[in-house]
Every structure is written in C-alpha cells, then in structure tokens.
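Peer 1: Before I ask anything, let me first share the structure, which is written out below as structure tokens.
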Amino acid sequence: MADSDFPGWHGTTIIGIRKGDEVVVAGDGQVSLGQTVIKGTARKVRRLSPGGQDVVCGFAGSTADAFTLLERLEAKLEATPGQLQRAAVELAKDWRTDKYLQKLEAMLIVTDGKELLIITGAGDVLEPEHGIAAIGSGGNYALAAARAMIEGDMGAEEIARKAMAIAADICVYTNGNLTVERIAR
2 MADSDFPGWH GTTIIGIRKG DEVVVAGDGQ VSLGQTVIKG TARKVRRLSP
52 GGQDVVCGFA GSTADAFTLL ERLEAKLEAT PGQLQRAAVE LAKDWRTDKY
102 LQKLEAMLIV TDGKELLIIT GAGDVLEPEH GIAAIGSGGN YALAAARAMI
152 EGDMGAEEIA RKAMAIAADI CVYTNGNLTV ERIAR
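See below:
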C-alpha cells in the first residue's frame, strides 16, 4: 500500500479551559484508522512532573509523535523550571528547525495552572482568547460550545465535559470516553 493510499489516523478532541482559579484539560479516547475505530479508551491527556512542577498536557495527532514531543517538553521544563511559556517556545523552535522533529504530526495543549498554551509544529505558541484552547478533529466544535458556556455559572470542568459531549455528538472521530485533568492556579 502506497503512503497516498493509507487511510491515515484520525481523531481526537482536546480542550483546555481556564475559568477562575481552575484550569482543566479534557480529551476523548477515540483513535480511528480511516473509517474504523481502533480504540475507544486511549488516554491523550497526561500530567507531567518535570523537576517537581505540575503540568497538564493534552495531545492530538500521532501518538508516537506526541510522546516524542512530550519527552522534549519535559526536558525543556527541567531546563527552565517554572517557566512554561519559555519551555514551550524552546520546544516550538526545535520543532520548527530540527529536520527529524519537522516530520512529527501532533499538536499540544499545555498548562501549569497559570498559563494555557497551544503548541504547533508550525512554530506557534498560542495563548488562546477567552481562556479556551481546543485542538483535534472536533476541536472547533468543542471550542464553539465552550465559548457559548464560558460566561455562565458553570465551572471549568463542567464546561469542558459539556463541550466535549457536544463535539462527540458532531464529530465522528470523537467519542464520549473522557480523560479530565484539573489543575489549580
């Protein structure tokens, strides 16, 4: 099978929401290959603890690629303790300029409870507006749903869960099997 014939991995929706003193990152568990669900219970949101820091990260894209990036992020965090944005920028620089890393297909949402960032392979480190970050195939659906709810009385986790449920109802590459990690500022 030629690479152009390969159906490709699809899937996932990751959302990060900051509201008040609470930051939540939630992700679904679906991994699809073409039109087939390969796994429904993947864990795409993880807690990192480089040098005693508490960082939550969610990823969309190739799992192997994402793990490579998470390892690199941990190393950057150890080199720049307590400076998530600086570590993220250093990772994005490497990702953009290193020939090996350039081939990696993934995106990350990271937070230390103070900052909420999206890191892309294009060299972007984005601090999202409205305290909501979303990536993956259902990311725009979850983002729109969360934006509609952010001004109400719900907390970050409740908004994340409802936004993910809406995304799972719309996006065929997203399911309702959630992993949710919460971090306080």
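2 is the number of the first residue of the sequence shown in our numbering; add one for each residue after it. Ideal Cβ placement from N, Cα and C applies to all residues, glycine included.
Is the distance from the Cβ of L144 to the Cβ of M165 below 7 Å?
Peer 2: Against a cut-off of 7 Å, the Cβ pair of M165 and L144 comes out as no contact.
Peer 1: For the candidate residues D170, A146 and A169, whose alpha-carbon lies nearest to that of I18?
Peer 2: The residue with the shortest Cα to Cα distance from I18 is A146.
Peer 1: If distances are taken between C-alpha atoms only, which option among A27, L71 and V56 comes closest to S63?
Peer 2: Considering only alpha carbons, the answer is L71.
Peer 1: Closer than 6 Å by C-beta to I160: which residues in its own chain qualify, once you throw out the five before and the five after it? Chain order, please.
Peer 2: Excluding sequence neighbours, I160 sits near I18, A147 and M150.
Peer 1: Is it a yes or a no for the stretch 98 to 108 touching the stretch 31 to 47, going by three-plus beta-carbon pairs under 8 Å?
Peer 2: Not touching, per the Cβ criterion.
Peer 1: At the level of alpha carbons, what is the spacing between L117 and G132?
Peer 2: Roughly 7 Å between the two C-alpha positions.
Peer 1: Run the CB neighbour count on D29, radius 10 Å, all protein chains shown included, and call it buried at 16 or more, exposed below.
Peer 2: D29 is buried by the Cβ-count criterion.
Peer 1: Mind checking E130: buried by the 16 CB within 10 Å criterion, or exposed?
Peer 2: The residue is exposed, with fewer than 16 neighbouring Cβ atoms inside 10 Å.
Peer 1: For D113, count the other beta carbons within 10 Å of its own beta carbon; 16 or more makes it buried, fewer makes it exposed. Which is it?
Peer 2: Flag for D113 reads buried.
Peer 1: Just to confirm before moving on: does the CB-CB distance between G177 and A169 stay below 7 Å?
Peer 2: Yes, these two residues count as a Cβ contact at 7 Å.
Peer 1: Give the list of continuous beta strand (DSSP E) stretches no shorter than 3 residues that lie fully inside the stretch 117 to 176.
Peer 2: Taking only runs of at least 3 residues, the beta strand (DSSP E) segments lying wholly in the stretch 117 to 176 are 117 to 120 and 133 to 137.
Peer 1: Starting from the N-terminal side, write out each stretch of the alpha helix (DSSP H) that is 4 residues or longer and does not extend beyond the stretch 62 to 101.
Peer 2: The stretch 62 to 101 contains these whole alpha helix (DSSP H) runs: 64 to 80 and 85 to 98.
Peer 1: Within a Cβ cutoff of 6 Å, which residues of the same chain sit near T14, ignoring the five residues on either side of it in sequence?
Peer 2: If we look at T14 and ignore the five residues flanking it on each side, its Cβ neighbours are D29, G137, G139, G140, A143, A168 and T175.
Peer 1: Taking a contact to mean a Cβ-Cβ separation below 7 Å, would you say A27 touches V181 in this structure?
Peer 2: Taking 7 Å as the Cβ cut-off, A27 and V181 qualify as a contacting pair.
Peer 1: Hey, out of L34, V25, Q84 and K163, whose CA is closest to V57's CA?
Peer 2: V57 has its Cα closest to that of V25, out of L34, V25, Q84 and K163.
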